[in-house]
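Chemist: Residue numbers for the sequence shown follow the numbering used here, so the first one is 7 and each next one is one higher.
There's a structure below that I have some questions on.
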Amino acid sequence: MDRVGTVVIGAGQAGLAMGYCLREDFVILEQNDRVGDCWRERYDSLRLFSLPRYASLPGLRIGTRDCPSRDEMADYLEQYAVHHELPVRTGVRVTRLSRDEEGFLVETSAGDWRADQVVVAAGMHSTPRRPSYADELDPSIRQLHSLEYRNTDQLADGTVLVVGAANSGTDIALDAVKTHRTLLAGRHPGQVPVDIDSTVGHVFTPVVMFLFKYVLTRRTPMGRKAIANAVQKGLPLTRNKLDHLDAAGIERLGRIDGVRDGRPVTADGDVLDDVRTVVWCTGSDPDHSWIDLPVFEDDGRPRHERGVSADVPGLFFLGLDFQYAIASASIQGVDRDARYLVKRLGQATLRSTLMLPRVALE
Numbered sequence: 007m008d009r010v011g012t013v014v015i016g017a018g019q020a021g022l023a024m025g026y027c028l029r030e031d032f033v034i035l036e037q038n039d040r041v042g043d044c045w046r047e048r049y050d051s052l053r054l055f056s057l058p059r060y061a062s063l064p065g066l067r068i069g070t071r072d073c074p075s076r077d078e079m080a081d082y083l084e085q086y087a088v089h090h091e092l093p094v095r096t097g098v099r100v101t102r103l104s105r106d107e108e109g110f111l112v113e114t115s116a117g118d119w120r121a122d123q124v125v126v127a128a129g130m131h132s133t134p135r136r137p138s139y140a141d142e143l144d145p146s147i148r149q150l151h152s153l154e155y156r157n158t159d160q161l162a163d164g165t166v167l168v169v170g171a172a173n174s175g176t177d178i179a180l181d182a183v184k185t186h187r188t189l190l191a192g193r194h195p196g197q198v199p200v201d202i203d204s205t206v207g208h209v210f211t212p213v214v215m216f217l218f219k220y221v222l223t224r225r226t227p228m229g230r231k232a233i234a235n236a237v238q239k240g241l242p243l244t245r246n247k248l249d250h251l252d253a254a255g256i257e258r259l260g261r262i263d264g265v266r267d268g269r270p271v272t273a274d275g276d277v278l279d280d281v282r283t284v285v286w287c288t289g290s291d292p293d294h295s296w297i298d299l300p301v302f303e304d305d306g307r308p309r310h311e312r313g314v315s316a317d318v319p320g321l322f323f324l325g326l327d328f329q330y331a332i333a334s335a336s337i338q339g340v341d342r343d344a345r346y347l348v349k350r351l352g353q354a355t356l357r358s359t360l361m362l363p364r365v366a367l368e
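Spelled out as structure tokens, the structure:
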């Protein structure tokens, strides 16, 4: 069994940013075969909202001139790990994280690790969220979640219904309408008032990024209100606009309210008889089922203060939605959160040593 000061679980942008800040006596465990596969598994047409300045981790700028594509982001993360010689072990899936009198035990598909401290930077958006009535749809209707969607080859012949009208939903609807009649159902979440890919948008972006990172935080009343609103309603459309949807020929509907005779039904009572594929863009939940520690709220989300576990000394989280600010789960947000955790990691060893017996009994 290997022993290391800190185990970082996950080699996405959060885990790599943490590795850049740690520098020594740590290992990063990644379940995928390649760094960046967390991006390669997303839909083919995905393109980030961020210009290179905001799509780059500390210490290496991404080599694109504009907002990177899915594959450009994936390749950049792989390059980042090599450039900084980060100790990433790929193809290693963590199956259980627990703790006893000797410290943390990280059990994996490729052997176990002992660690004084653990940073969980994985599993934040792993479990597709579907409405309860999804199981009532006729078996002839093909169902996909946005986490499973790659391209239009997965769509059955006939009408496509995309449920969820936020950023992913509108992206997928704009992709699907190229080859299929496409319906888009869901509440409009609002939209950024400028074209982010225009000259005006490029001027506007730094202002928004500053607000998201430094103003809309859990420390400010404005930030707490904005985060609560985002949790409830989601973030506004960033690149896509209602005009884009209408111009593409996407038919917009209200909310899908249930199923009747195996067919989706709108809140207005309209039965969508001709739908052959449903793509659920209804969000995702964390999968931390492998963490065998008393650290979760009733909804399954970890209890923490800026990523520091409120229950188990030496346990940290990075890359959580709204961990400290609106920007926390974004590429530009994980840098600051990682640097904050590094400062707390220095304090964790003493607390961990003093409190091990109590925690081991919980």
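Note that the Cβ used here is the ideal one computed from N, Cα and C, for glycine as well.
Bear in mind that the values here come from a model prediction, so they are computed numbers and not experimental data.
(1) Would you please verify whether the beta carbon of residue 237 is less than 8 angstroms from any beta carbon of chain D?
(2) Consult DSSP for residue 142 and reduce its assignment to one of helix, strand or coil.
(3) Using the Cα positions of residue 180 and residue 244, report the straight-line distance between them to the nearest angstrom.
(4) Could you check which residue in 103, 63, 101 and 106 has the C-alpha nearest to that of residue 85?
(5) If you drop the 5 nearest sequence neighbours on each side, which residues of the same chain put their C-beta closer than 6 angstroms to that of residue 75?
(6) Which ranges does the alpha helix (DSSP H) cover as unbroken runs of at least 4 residues, wholly within the stretch 143 to 204, from first to last along the chain?
(7) If I'm right that residue 167 touches residue 281 with Cβ under 8 angstroms, what's the distance once you round it to whole angstroms?
(8) Quick one: what does DSSP say residue 25 is sitting in, helix, strand or coil?
(9) Return helix, strand or coil for residue 36, following the three-state DSSP convention.
(10) Quick one: Cα of residue 117 to Cα of residue 95, how far?
(11) Taking the alpha carbon of residue 7 as the point to measure from, which residue in 93, 67, 58 and 119 has its own alpha carbon closest?
(12) At what residue ranges does the stretch 233 to 307 contain a whole run of the alpha helix (DSSP H), taking only runs of 4 or more?
(13) Going by DSSP in three states, residue 337 sits in which element: helix, strand or coil?
(14) Could you give the DSSP three-state label for residue 15: helix, strand or coil?
(15) I'd like the ranges of any alpha helix (DSSP H) spanning at least 4 consecutive residues and lying wholly in the stretch 35 to 95.
(16) Give the range of the beta strand (DSSP E) segment to which residue 100 is assigned.
(17) Smallest Cα separation from residue 29: which of 44, 13, 38 and 237?
(18) Just reading off the beta strand (DSSP E) that residue 324 is part of, what are its end residues?
(19) Within 10 angstroms of its Cβ, does residue 340 collect 16 or more other Cβ (buried), or is it exposed?
(20) Note down, in chain order, each residue of its chain lying with its Cβ closer than 7 angstroms to the Cβ of residue 40, except the 5 sequence neighbours on either side.
(21) Assuming residue 111 is part of the beta strand (DSSP E), what are its boundary residues?
(22) Could you say which of 130, 326, 202 and 105 lies nearest to residue 121 if we only look at CA atoms?
(23) I need the straight-line Cα distance from residue 205 to residue 212, nearest angstrom please.
(24) Can you look up residue 117 in the DSSP assignment and give me helix, strand or coil?
(25) Helix, strand or coil for residue 343 per DSSP?
(26) If you check the beta carbons only, do residue 22 and residue 92 fall under 8 angstroms apart?
(27) Are the stretch 307 to 325 and the stretch 188 to 205 in contact at 8 angstroms, needing three or more beta carbon pairs?
(28) So what does DSSP say about residue 20, is it helix, strand or coil?
(29) Does the Cβ of residue 342 have 16 or more other Cβ atoms within 10 Å, making it buried, or fewer, making it exposed?
Modeler: The short version:
(1) No chain D is present in this structure, which holds just one protein chain.
(2) helix
(3) 14 angstroms
(4) 63
(5) Contacts found: 53.
(6) 173 to 182
(7) At roughly 5 angstroms, the Cβ-Cβ gap stays under 8 angstroms, so residue 167 and residue 281 are in contact.
(8) Of the three classes helix, strand and coil, the one that applies to residue 25 here is helix, per DSSP.
(9) strand
(10) Between residue 117 and residue 95, the C-alpha separation is close to 12 angstroms.
(11) 119
(12) Listed in chain order, they are 248 to 254.
(13) helix
(14) strand
(15) 43 to 46 and 76 to 89
(16) 100 to 106
(17) Selected option, being the one with the closest Cα: 13.
(18) Premise fails: residue 324 is in no beta strand (DSSP E) and is neither H nor E.
(19) buried
(20) Non-local C-beta neighbours of residue 40 in its own chain, meaning closer than 7 angstroms and more than five positions away in sequence, comprise 84 and 96, ordered along the chain.
(21) Note, residue 111: beta strand (DSSP E), 109 to 114.
(22) The candidate whose alpha carbon is nearest that of residue 121 is 105.
(23) 12 angstroms
(24) strand
(25) Reduced to three states, the DSSP call for residue 343 is helix.
(26) Taking 8 angstroms as the Cβ cut-off, residue 22 and residue 92 qualify as a contacting pair.
(27) no
(28) In the three-state DSSP reduction, residue 20 falls in the helix class (H, G or I).
(29) Under this definition residue 342 is a buried residue.
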